[in-house]
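Single-structure report; data block below.
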Amino acid sequence: MSSFVHLHVHSSFSPNWGLHTPLALCAAARDLGMKRLALTDRNGLYGLPDFIAAAKRTGIIPLVGSELINGRQRALLLVRDQAGYRNLCRLISALHNDSNFDLATTLTRRRSGLFVISDDRDLLTCLSQQDRHSLYVELSPGHTLEASRKLSEQLQLPPVATTRATFLHDDDHQLHRVLRSIAGNTTLSRLSDTDCANPEARLCSVQDLAARLPHCPEAVKNAAQIAAACKTDWEFRETIFPRYENLTDHRAASELTKRAKNGALWRYEALNDRIEKRLTKELDLIVHKGFAHYFLVVQELAGRSPRTCGRGSAAASLVAYCLGITHVDPLRYNLFFERFLNEGRQDPPDIDIDFPWDERDEILDFAFARYGRQRAAMVANQVGFKSRSALREIAKVFGLPAAEIKSITDRLASCWSPAKGVQALQNHPLFQDEDLHEDWQTIVALASRLNGQLRHLSQHCGGLVVVPDDMRCYVPVETSASGRPLIQWEKDQTEAAGLVKIDILGNRSLAVIRDALAAIQQYHGKNIDYRSWQPLSDDKTRALLSAGKTVGCFYIESPATRQLLQKMWRRQPLPGEDDLFEHLVMASSIIRPAANRFIREFVSRMRGKAWRHLHPDLMPILEETYGLAVYQEQITQISMALAGFSASEGDQLRKIVSKKDKHQRLSDFHQRFLSGGEERGIDKPVLEQVWEQILSFAGYSFCKPHSASYALVSCKSAWLKANYPAEFMAAVISNGGGYYSTLGYLSEARRLGLTVLPPDINQSDYPYRGCGKELQVGFLQIVSLTRQAIENLLKEREHHGPFADFADFLARLPQLCESDIRLLIKAGCFDQLEGADRRPQLVWLLLNRRQQVKPDSCGLFAEPPPDVPDLPPCERNILRAQELESLALPVSHHPLDHCRMAIARSGAVPAAALSRWIGRHVTLVGWWVTGKPIRTHEGRPMEFATFEDHSALFDATLFPAIYDRFCRLLAQPRPYLVKGLVEEEFGVISLNVKWLGFLQD
């Protein structure tokens, strides 16, 4: 018994079935004295890379397999050798993709290298007639045990003992039943036991197994023998690269070198010694590490669009810059190539390329056409339960009313998670008056365990993998909702398995830039080349950026970033081109959740505060960032300089800091950092201060090359806003905006001096259109107006000119349905032709148009139209209501316009005048724009909010005590009365809120 091995084990990577992570299962097996463990998740290898890492960490020898379930057919498959692994991947892929898949039939062709274990009589009978080798009957504790023993005897196939282990703890079965209820869309009270695992399906000890299988020594012995014969070498040692045009490695290296050198001449015109040395160094390493094919593939994809943003650590590569994959000069801005690729780096780096969001699918279609569906596939997102979805789904299976569930989940703050427990929920200000009954306490407790549990796969936003032969040799492949091949692993697993990923990402701001440049060429005759464009040579652009007037500008439009830009340059001389760019890169990197306490120090030092390095060895690393760690790669450099880490160790530290499960693993690195630094004579307090800066990269952070790539797009956005605001704002809104709502962008357009024109039947296009000082609302803004109706309208107008009047419109577009025409009327599209007062008459004409058409006539009005009755015009409030209904926002007016008298009575100060009220209490009236709830270091909720009045935006802070009182009032489309203290920091104004309510008419 001492050699028994669990061969049938389900982890949390068995969607809607398993509960525990591979690490938890490996640790439990180790604690039970076991040396080997199999992971056999259902219909997939979703957790294989995690399992391999967990086994290595716990000293367990990993065995790999999967339980395949196809209708009533089921078989446990365990891998004996590499051929068996390939067959398993193909079997799983076929199960997910072939509508005619039959497990028994397919196994007759794909059994090589696999152990097949089952209690399915029909499947075993079918397979045994072909080959009895490596075929076993599964014996598990429970009501089927005796039947399985008889089946083994009847078919004369050896038995093997398993527990179908799914549970570790006594209370696991309850959570498992919750998962099964969610998967079956039923309640716990209606759930059938046959849909669940046996309560005894535990990862048990040898002694426990002996008690549960007292008469099955042969089955236990067979389990050990199978385990001894399984493949155990699961190290992912090789990097699997794509192959470009079937070139040999030597020819790919030569082609890459040629293209890179030609690209260097394109970028620099003349090459100096510094450029040539860097290019040679990079090319040598790229070729040595096997990346030549990869770079050629990426260049080909990037070349499919004239507007891209190569980003991530790859932007530090001069080769990538010369190939046109990236657009920031790594020499000019001192970008650290080793962050992307270095001799010691074990994991494969990837290159991220942003394309205009509406061109991304075309790029992916090209990739699949170029490399085929067998060689290319998308990376998966492994979608787990989030805090709200976990609570909502569990509450449903408990049978709670939908209204009650919605009431609770709608108020969940983004900074709350089930792990904080029901007490944290009850103590949150949003739930002060809520009586959470006992069921909710159970639900929250269960949700804390369900949070993050795998539910299903979805397609990663852009991860593409290309291999040299067949993807199914490496990983099982499913089909995404979009119809593309989808591997079963997410991005980190893909990387761990040695598959090199290309991120093909959609970026709305690149589409904004594209559309704005097209409008500039159309209306002004100016052609601006995206790749050679230098936006910061323009004084207006630098002034706009240094003033933080960046609403609409990519990546730098959030209230926090706008405030930071203002603090950096308020009352300072206009910065030069390189100086502004370098500081913009810093600003976009230091804005991260865990670095808030360093931002004020950063601004102070930038504006002239005296400072010194914590240690002289930090000078070459942190000099450009004022002695503070701002970029990811500085973690690696600091750990190498102060603690003697190798480059690969420093890179591991960088990765772990940003992981969610970092705390346990970081304690190791922390001790190594301290001991390494003390060995070099550095005082522990200094090391702890540096370590605190390293920890500020928790959650998310960026390397300098990534931030520099984004900053270049930000600068191009800013140039467009500074020089062509109408064209720019039209493109921003038409492409779905960014941080703010469409209403917020229309308000910004008005603050820029633009006139916002309502939709017009003869002037509007599908998107918004900007020219000069006018911004014309597009037909896309009209709620529920069909795309077909818009296309018909625009086509008719293009071919036969503008419409003379409403009757002409009806006559020329008889195919438009009544509901679409009603929407056009309500939206005011005919007001310029007919006048807003005539909307009732237009509706009358529409309703009577069919009565005027004779069956044998070919025109709309075979007879002259009747006299339109004299109907009363719509009142202003009706017109505004129709506008709001049809456009989902007010276009002809600001939402505060209707309460000007109430504003005057309130004594409110205009937001634009707040600088004259510093240090004093004021009242403002504002319309809600956006908010960001956070928690203080003590864990108390608060919020940063942005409002606007007719004159300007204003930022307001609701500290915990005020937030507790007023949080239920936030984020509503109503005019607010806000009272507070005007505060100033580095010349930037904000309001410390003391009271908040709604303005009463």
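So the sequence shown is numbered by our numbering: it starts at 522 and just counts up by one.
Even glycine gets a Cβ: it sits at the ideal position worked out from N, Cα and C.
Distance between residue 1150 and residue 1139 (C-alpha atoms, nearest Å) | 10 Å
At 3 residues or longer, and completely inside the stretch 714-766: list those beta strand (DSSP E) runs for me, N to C.
-> none
Can you give the Cα-Cα distance for residue 925 and residue 693, rounded to whole angstroms?
-> 27 Å
Hey, would you say residue 1291 sits closer than 9 Å to residue 1247, going by beta carbons?
-> yes
DSSP three-state assignment for residue 1299, whether helix, strand or coil | coil
Cβ shell of residue 863 (< 8 Å), same chain only, five flanking positions each side left out | 806, 1168, 1169, 1172
Select from 1109, 896, 1056 the residue whose C-alpha is nearest the C-alpha of residue 988.
-> 896
Would you mind working out which of 946, 666, 683 sits nearest residue 966, comparing C-alpha positions?
-> 946
Residues in its own chain within less than 7 Å of residue 547 by CB, not counting five upstream and five downstream?
-> 558, 575, 576, 579, 581
Taking the alpha carbon of residue 698 as the point to measure from, which residue in 919, 794, 859, 889 has its own alpha carbon closest?
-> 919
Under the three-state reduction of DSSP, which class applies to residue 1150: helix, strand or coil?
-> coil
Hey, would you say residue 1396 sits closer than 9 Å to residue 1349, going by beta carbons?
-> no
Are residue 1109 and residue 1261 close, meaning C-beta to C-beta below 9 Å?
-> no
So does the stretch 1009-1024 actually touch the stretch 993-1000, counting three or more Cβ pairs closer than 8 Å?
-> yes
Contact check, residue 683 vs residue 541, beta carbons under 9 Å | no
List the endpoints of the continuous beta strand (DSSP E) containing residue 1478.
-> 1474-1479
Taking three-plus beta-carbon pairs below 8 Å as touching, is the stretch 1513-1521 in contact with the stretch 1489-1498?
-> yes
Give the range of the alpha helix (DSSP H) segment to which residue 1399 is assigned.
-> 1397-1408
Based on the DSSP secondary-structure assignment, which residues constitute the bridge partners of residue 1292?
-> 1295
Could you pull out every unbroken beta strand (DSSP E) segment of at least 3 residues lying fully inside the stretch 993-1047, listed in chain order?
-> 998-1000, 1006-1008, 1022-1028
Compare the C-alpha of residue 566 against each of 1084, 885, 1503, 586 and name the closest.
-> 586
Report the residue ranges of all alpha helix (DSSP H) runs contained in full by the stretch 768-808; include only those spanning at least 4 residues, in chain order.
-> 770-789
Under 8 Å by Cβ, that's how I've got residue 624 and residue 637 pegged, so tell me the actual separation to the nearest angstrom.
-> Rounded, the Cβ-Cβ distance is 10 Å, inconsistent with contact.
Roughly how many angstroms separate the alpha carbons of residue 1052 and residue 836, rounded to a whole number?
-> 15 Å
Compare the Cα-Cα distances from residue 960 to each of 1469, 916, 714, 1467 and report the closest residue.
-> 916
Tell me where the beta strand (DSSP E) around residue 832 begins and ends.
-> 830-832
Beta carbon proximity, residue 1232 to chain C, threshold 9 Å = As a matter of chain content, chain C is missing from the structure shown, which is built from one protein chain.
Flag this pair as touching only if the stretch 784-793 and the stretch 1034-1045 have three or more C-beta atom pairs under 8 Å; answer yes or no.
-> no
Compare the C-alpha of residue 1086 against each of 1099, 1064, 1325 and name the closest.
-> 1064
Determine the contact status of residue 1502 and residue 1437, defining contact as a CB-CB distance below 9 Å.
-> no
Let me know if residue 673 comes out buried or exposed under the rule of 16 or more other beta-carbons within 10 Å of its beta-carbon.
-> buried
Taking all protein chains shown into account, do 16 or more other C-beta atoms lie within 10 angstroms of the C-beta of residue 702, making it buried, or fewer, making it exposed?
-> buried
Does the stretch 1502-1511 touch the stretch 1304-1316, meaning 3 or more C-beta pairs lie closer than 8 Å?
-> no
With a 10 Å radius around its C-beta and 16 neighbouring C-beta atoms as the bar for buried, classify residue 1252 as buried or exposed.
-> buried
What number of angstroms, rounded off, separates the C-alpha of residue 757 from the C-alpha of residue 869?
-> 11 Å
What's the gap between the Cα of residue 1122 and the Cα of residue 1128?
-> 10 Å
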